[in-house]
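Here is the structure we will look at.
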Amino acid sequence: MTTAPTLTDAAAARIAAIAEKQAKPAILRLSVEGGGCSGFQYRFGLAEDMDDEDSISENAGVKLVVDAVSLDLVAGSTVDFVESLGGAAFRVENPQAAAGCGCGSSFGI
């Protein structure tokens, strides 16, 4: 069985704040696309709804949804929100990633 990715408390709080400002449901969609410097790249976006095939995890009322195709590439991952001098961003801590790039948005398996 594939383990769905999870949200940290910081990521859930940030998603809830963004969703509230945009008057949308607190649902973050994580998907994986081909491309980026390391072969695959993460895509994030607020979702209006969920599909029957989506994997869903929840933290503090915020849902993280991943499509069935992307799930194999991000299984067991954690989505975090980090703020630093360089800016603020969502980061995926992916135990399957064998390579990554400096920007943190692309990875290789």
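The end of the sequence shown is residue 109 by UniProt numbering, with every number in the run present. Beta carbons are placed, not taken as given, at the ideal position from N, Cα and C, and that holds for glycine. Bear in mind that the values here come from a model prediction, so they are computed numbers and not experimental data.
Is the beta carbon of residue j closer than 9 Å to that of residue i?
| i | j | result |
| --- | --- | --- |
| valine 74 | glutamine 96 | yes |
| valine 79 | alanine 11 | yes |
| valine 92 | proline 25 | no |
| alanine 60 | alanine 13 | yes |
| glutamate 58 | leucine 7 | yes |
| aspartate 51 | aspartate 67 | yes |
For residue i, which residues from the same chain have a beta carbon less than 6 Å from its beta carbon, with the 5 sequence-adjacent residues on both sides left out?
| i | result |
| --- | --- |
| lysine 63 | Ile27 and Ile56 |
| serine 70 | Ser31 and Val32 |
| arginine 29 | Gly45, Ala47 and Val65 |
State the start and end residues of the unbroken beta strand (DSSP E) segment that holds residue i.
| i | result |
| --- | --- |
| lysine 63 | 62-66 |
| serine 31 | 27-34 |
So what does DSSP say about residue i, is it helix, strand or coil?
| i | result |
| --- | --- |
| glutamate 53 | coil |
| alanine 88 | strand |
| glutamate 48 | coil |
Using a Cβ-Cβ cut-off of 8 Å (strictly less than) and excluding sequence neighbours within five positions of residue i, which residues of its own chain qualify?
| i | result |
| --- | --- |
| glycine 87 | none |
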